[in-house]
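Written below as structure tokens is the structure these notes are about.
4 protein chains.
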Amino acid sequence: MTTPTGRPRSEQARQAVLDAVDDLLVEVGYAAMTMKNIAERAGVGRPTVYRWWSGKAEILIEACTEDAIRELATEPQGQPREDLDGYLVRLGHFLTVEPPGLAYRALIGEAQHDAKVAELVRKADLLAPPTITVLDRVRPQSPRMPADGVAVAQLVGPLLTHVLTTGAPMADEDLRRHAEILLEGWR
Amino acid sequence: MTTPTGRPRSEQARQAVLDAVDDLLVEVGYAAMTMKNIAERAGVGRPTVYRWWSGKAEILIEACTEDAIRELATEPQGQPREDLDGYLVRLGHFLTVEPPGLAYRALIGEAQHDAKVAELVRKADLLAPPTITVLDRVRPQSPRMPADGVAVAQLVGPLLTHVLTTGAPMADEDLRRHAEILLEGWR
Amino acid sequence: MTTPTGRPRSEQARQAVLDAVDDLLVEVGYAAMTMKNIAERAGVGRPTVYRWWSGKAEILIEACTEDAIRELATEPQGQPREDLDGYLVRLGHFLTVEPPGLAYRALIGEAQHDAKVAELVRKADLLAPPTITVLDRVRPQSPRMPADGVAVAQLVGPLLTHVLTTGAPMADEDLRRHAEILLEGWR
Amino acid sequence: MTTPTGRPRSEQARQAVLDAVDDLLVEVGYAAMTMKNIAERAGVGRPTVYRWWSGKAEILIEACTEDAIRELATEPQGQPREDLDGYLVRLGHFLTVEPPGLAYRALIGEAQHDAKVAELVRKADLLAPPTITVLDRVRPQSPRMPADGVAVAQLVGPLLTHVLTTGAPMADEDLRRHAEILLEGWR
DNA sequence: TAATAATCGAGACGGTACGTCTTGTCTTCGT
DNA sequence: ACGAAGACAAGACGTACCGTCTCGATTATTA
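Chains as they are written, first to last, in numbering that gives the first Met the number 0: chain A, 0 to 186; chain B, 0 to 186; chain C, 0 to 186; chain D, 0 to 186.
Encoded structure:
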């Protein structure tokens with residue numbers, strides 16, 4: 000066992016960087032966010048940022064992971080269709096309006112250009128936990144629902160794809176139709 | 000009416016740029032591809048590139064659009080499930096191995112950071128035409144299949160999402176399961 | 000023969016950089032002068048500075064060489080002693096007050112740390128030409144005056160050394176004494 | 000009167016720093032010597048270095064002052080010319096080959112950029128003591144030799160200037176000529 | 001024999017210059 | 001008028017060192 004020596008990491012600096020990234024994402028967007036202005040906004044030296052994160056993607060994923068899970072929690076509804084439906088509407092809003100959702104999209108985007116970010120996104124697998132929570136509610140009425148991996152993809156894939164390729168959420172009506180068909184297929 | 004005077008645009012230069020982009024995408028990837036090295040690789044002045052395209056995304060979309068549609072065409076199979084299934088396998092390969100597929104993913108990625116690219120991607124809507132072709136084949140046996148927009152999303156969304164978030168295609172077995180459930184839901 | 004192609008070097012940018020260095024040397028001194036603030040002061044991109052000069056020493060030597068020769072020119076005096084004496088006083092002032100003289104000292108200083116600068120300083124040999132001009136005037140009365148290299152060193156060496164090690168010029172009285180002794184030794 | 004309490008200064012740390020500076024000067028040169036690598040080389044914390052010295056120049060002057068005086072001591076020769084001559088050859092070697100001599104040149108160089116270092120160099124006045132020792136030997140035969148300040152400058156100035164501006168010592172032949180002329184002037 | 005206090009090595013901190021890179025524009029000459 | 005070549009201003013990149021700070025641990029002196 001080695002006792003760490005030297006000055007300990009400043010939790011204040013860490014939090015300032017995470018907050019700065021949150022703010023900048025909203026204010027200027029992912030593309031215009033640079034390691035330089037993150038450091039300046041956080042009131043932190045640039046090397047301090049590089050000491051703990053290798054790029055803006057890594058900071059962003061740390062900044063938004065917890066938020067995402069919390070924000071996607073939904074109350075159980077009476078009916079399976081309402082459960083799925085409500086969740087999809089919630090998710091559509093998350094991905095097109097809320098900062099952590101926009102951050103997640105930016106990260107998926109970056110992942111297509113950078114293998115390191117791809118690995119981070121793959122590991123974070125942000126949507127799986129809240130989606131599985133919802134799926135578990137409808138599982139009793141859906142005996143043919145496939146394994147989690149496939150079921151999650153079936154539920155959120157169409158919506159996520161639509162958002163990523165058009166920038167807009169699917170119409171509520173279409174989401175309802177989608178949920179209905181899936182439930183039918185899983186029955 | 001103005002008859003253009005002076006030296007006309009060089010078709011040779013245009014083609015050299017498109018070829019350079021194709022090559023560079025494979026050799027160095029989207030991120031490392033710059034307007035500078037595109038121009039150098041094409042043996043063309045940088046201003047010539049900027050004169051006709053506004054950025055690498057625009058060049059790329061011009062370079063790969065036609066290819067995509069052609070490469071995703073599939074032969075009709077005997078059974079609906081085999082039609083969908085074969086197409087999905089083909090699409091998985093396209094998105095993870097073939098250059099136009101990788102280019103499309105890169106463009107979707109860039110679209111998350113750049114509204115102008117998002118617009119290009121939205122307009123190109125690369126996957127819809129070949130997907131609709133396939134859907135039309137199974138439509139007779141799928142009376143409850145929703146409108147094209149939703150149906151396309153339901154079919155390819157789970158796969159595309161999986162590729163974009165993990166970098167790998169879905170397992171063939173999972174694709175089969177997915178097609179089966181959808182057909183059930185559409186029946 | 001190769002005709003140079005592309006946009007030619009901007010003489011305006013070159014002059015702006017040389018002027019900026021002159022100004023900054025006076026305003027903030029050699030140590031605080033950086034490639035960054037030279038570029039900013041000149042209203043020029045940093046790469047433009049690096050394209051033509053490798054460091055501030057190289058810019059400075061280009062900026063002050065011509066000035067130096069011109070500023071050290073002295074009128075012939077009636078007497079040999081007055082010729083040497085007047086020149087030494089002039090040189091003391093040059094080295095302790097005038098910008099090109101301060102620049103030259105800074106360059107000699109830098110030369111002790113950087114072999115490349117040392118080479119530049121060696122080649123410029125700023126003091127030799129004006130000093131030889133003066134020596135030529137007293138040569139008729141100084142038959143034993145040694146070769147230029149040694150004579151220049153004997154005349155200006157004591158003063159330059161004094162300035163470099165104390166920052167101040169030698170007292171006029173001491174300069175007079177020095178010139179007198181040298182003339183005696185050369186007679 | 001206050002007797003200092005607390006842990007006393009570590010003489011071991013002080014010596015380690017001085018040794019590290021000596022080594023680094025030879026190994027990497029003055030320019031590449033940083034407070035950081037001095038501390039690392041000495042196996043000492045950076046604040047410990049800053050606690051006792053304000054910069055590398057200050058350390059260097061402490062590290063080499065004593066050496067210089069000792070190393071420049073020369074045996075009395077029979078003849079005045081041989082006394083001066085031998086000393087000048089010795090000094091040329093000192094300034095171009097021996098570490099303390101190189102350190103002294105580096106300090107004179109730094110002094111042109113930094114007033115604080117200039118003050119240190121001015122106070123150390125490294126060459127005066129050994130030079131005066133030699134001058135005293137020839138004073139009996141040199142009734143017109145001026146005051147120490149001027150005489151020292153006259154003797155070593157030409158050589159030091161030559162070394163500082165060219166990096167090389169003067170030719171032995173030229174040194175001999177120089178000494179001869181000075182003695183003539185002082186007679 | 002404690003308590004006190006200044007030192008020590010280690011290393012993170014905010015700051016800033018470094019020299020390189022790419023961006024998109026411009027200028028020049030040749031086609 | 002368009003082509004290539006390449007210089008231009010701008011500014012982010014990631015690294016290095018600066019001098020300061022905050023640690024826990026050590027080492028004398030003082031009480």
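Note that the Cβ used here is the ideal one computed from N, Cα and C, for glycine as well. Remember, predicted model here, so these are calculated numbers, not experimental data.
- Between T73(B) and R50(B), the CB-CB gap reaches or exceeds 9 Å.
- Taking 7 Å as the cut-off between beta carbons, the residues of the segment 29 to 43 of chain C near chain D are Y29, A30, in sequence order.
- Linking M32(A) to V96(A) through their CA atoms gives a straight-line distance of about 18 Å.
- For W185(B), the enclosing alpha helix (DSSP H) starts and ends at 171 to 185.
- Between T160(D) and L159(C), the C-beta spacing is below 9 Å.
- Around the beta carbon of G108(B), 16 or more other beta carbons lie within 10 angstroms, which makes this residue buried.
- At a Cβ-Cβ threshold of 9 Å, I131(A) and V151(A) count as neighbours.
- If only uninterrupted beta strand (DSSP E) runs of at least 3 residues are considered, none is enclosed by the segment 58 to 93 of chain A.
- The beta carbon of L90(D) does not come within 9 Å of any beta carbon belonging to chain C, so the residue lies off that interface.
- Neighbours of T165(D) across chain C, judged by C-beta separation under 7 Å: R121.
- Among the CB atoms of chain A, none fall inside 9 Å of the CB of T95(B).
- For T160(A), a Cβ of chain B is located within less than 9 Å of the residue's own Cβ.
- In the structure shown, E26(A) adopts helical secondary structure according to DSSP, grouped into three states.
- Under the Cβ distance rule, I131(B) does not count among the residues neighbouring chain A, no pair being separated by less than 9 Å.
- For V137(D), same chain residues with a beta-carbon under 6 Å away, outside a window of 5 residues either side, are P79, D82 in chain order.
- Secondary structure of E39(D) (DSSP, three-state): helix.
- Contact annotation, L174(A) with L101(A): C-beta distance approximately 19 Å; criterion of less than 8 Å not satisfied.
- With contact defined as three or more Cβ pairs closer than 8 Å, the segment 10 to 25 of chain B and the segment 36 to 50 of chain B are in contact.
- The Cβ-Cβ distance between R176(D) and R143(D) does not fall below 9 Å.
- Relative to the Cα of D22(A), the nearest Cα in the group P98(A), A67(A), Q11(A) belongs to P98(A).
- Contact with chain C is absent for E26(D), since none of that chain's Cβ atoms lies less than 9 Å from the residue's Cβ.
- Judged by their CB atoms, P129(B) and A56(B) are not nearer to each other than the 9 Å cut-off.
- Cβ contact annotation for E61(D) (same chain, cutoff 7 Å, sequence separation greater than five): L17, in chain order.
- Looking only at Q14(B), L94(B), D113(B), the smallest Cα-Cα distance to G54(B) is reached by D113(B).
- The beta-carbon of P142(D) is placed no less than 9 Å from the nearest beta-carbon of chain C.
- Taking a 10 Å sphere around the C-beta of D84(D), we find 16 or more other C-beta atoms and assign the residue as buried.
- Taking C-beta separations shorter than 7 Å and ignoring five residues to either side along the sequence, the partners of V155(B) in its chain run L90, L126, T130, following chain order.
- Under the criterion of beta carbons closer than 8 Å, L94(A) and V162(A) qualify as touching, at roughly 5 Å.
- Of the candidates K35(D), C63(D), V116(D), A105(D), A105(D) places its Cα closest to the Cα of Y29(D).
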